[in-house]
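The structure appears below as structure tokens.
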Amino acid sequence: MGLDCYRYCWCGGRRMKLLIDILHPVHVHIFKNFIRLMKERGHEVIVTAREKDVTIVLLKAYQIPYTLISKQQKGALSLGKEFLTRTWKLYQLVRRERPNLLMGCMGPSISIVGKMTKIPAYVFYDNESALVVNSFVQRIATKYITSSSYEKKVPRNHMTYSGYQNLAYLHPTYFQPDKKVLEKANISSTEPF
1 MGLDCYRYCW
11 CGGRRMKLLI
21 DILHPVHVHI
31 FKNFIRLMKE
41 RGHEVIVTAR
51 EKDVTIVLLK
61 AYQIPYTLIS
71 KQQKGALSLG
81 KEFLTRTWKL
91 YQLVRRERPN
101 LLMGCMGPSI
111 SIVGKMTKIP
121 AYVFYDNESA
131 LVVNSFVQRI
141 ATKYITSSSY
151 EKKVPRNHMT
161 YSGYQNLAYL
171 HPTYFQPDKK
181 VLEKANISST
191 EPF
């Protein structure tokens, strides 16, 4: 995602309404600075979330308002049902709110909803081994955005950036290591870990 995701949704100076779909705890970290930056620039940001592991805890910790639209399920049948429910709830919310752009990582639901509502869906991806999800998301997302190190062939809608998703929150602009954490963990700053 690099330093400035803003170029991927440049709006020519007009105020935009963005919807960001959070499926996994790491997505909170990936989008937290982008959400803050967009709000500072006067854009409206709607966040939808999937309850998985500590996703909701992180959203609350970063004071990011969200709408919970699904909870992670176990087993193929339950996951399929969750996916259908999540996509339907997202579709209803998008029809009501009419955002200008849908964004997320992985993006199966936003890709489908984007196609159904004719709202652009930008999907950020870094997992080349998720073959089933990749196979349909790549074909229906408006933009499939990956690091330039992504090796799989992607259809015509592929955009790349130089960097890695984790730089969205680990770049020195956003992250300063706290040496006290090493002390608490009884790790020397000179020892590899």
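Reading the sequence shown from the start, the letters are residues 1 to 193 in this note's numbering.
We put the CB at the ideal spot given by N, CA and C, even for glycine.
Bear in mind that the values here come from a model prediction, so they are computed numbers and not experimental data.
Are residue i and residue j close, meaning C-beta to C-beta below 8 Å?
| i | j | result |
| --- | --- | --- |
| residue 168 | residue 56 | no |
| residue 144 | residue 137 | yes |
| residue 128 | residue 152 | yes |
| residue 195 | residue 93 | Lying before the first or after the last residue shown, residue 195 is absent from the chain, which here runs from 1 to 193. |
What does a CB cutoff of less than 8 Å around residue i pick up in its chain, not counting 5 residues either side in sequence?
| i | result |
| --- | --- |
| residue 188 | 182 |
| residue 71 | 50, 51, 52, 82 |
| residue 126 | 105, 146, 147, 150, 164, 165 |
| residue 15 | 42, 43, 44 |
| residue 24 | 50, 52, 53, 55, 105, 106 |
Leaving out the 5 sequence neighbours to the left and right, which residues in its chain are closer than 6 Å to residue i when beta-carbon positions are compared?
| i | result |
| --- | --- |
| residue 27 | 105 |
| residue 109 | 86, 87, 90 |
| residue 79 | 73 |
| residue 58 | 25, 28 |
DSSP three-state label for residue i, please.
| i | result |
| --- | --- |
| residue 66 | coil |
| residue 170 | helix |
| residue 54 | coil |
| residue 16 | coil |
| residue 183 | helix |
| residue 193 | coil |
| residue 143 | strand |
| residue 3 | Note that residue 3 scores a pLDDT of 36, beneath 50, so its modelled location is shaky; the value from the coordinates is reported in the next line. Coil at residue 3, not helix or strand. |
| residue 133 | helix |
| residue 123 | strand |
| residue 45 | strand |
| residue 71 | strand |
| residue 150 | coil |
| residue 91 | helix |
Can you list, in chain order, the residues of its chain with a C-beta nearer than 7 Å to that of residue i? Leave out the 5 residues immediately preceding and following it.
| i | result |
| --- | --- |
| residue 99 | 17, 18, 19, 46, 119 |
| residue 65 | 47 |
| residue 33 | 168, 169, 174 |
| residue 63 | none |
| residue 222 | What the structure shows of the chain is the stretch from 1 to 193, and residue 222 is not part of that stretch, so it cannot be assessed. |
Residue range of the alpha helix (DSSP H) that residue i falls in?
| i | result |
| --- | --- |
| residue 109 | 108 to 117 |
| residue 27 | 25 to 40 |
What first and last residue would you give for the beta strand (DSSP E) that runs through residue i?
| i | result |
| --- | --- |
| residue 103 | 101 to 105 |
| residue 161 | 158 to 161 |
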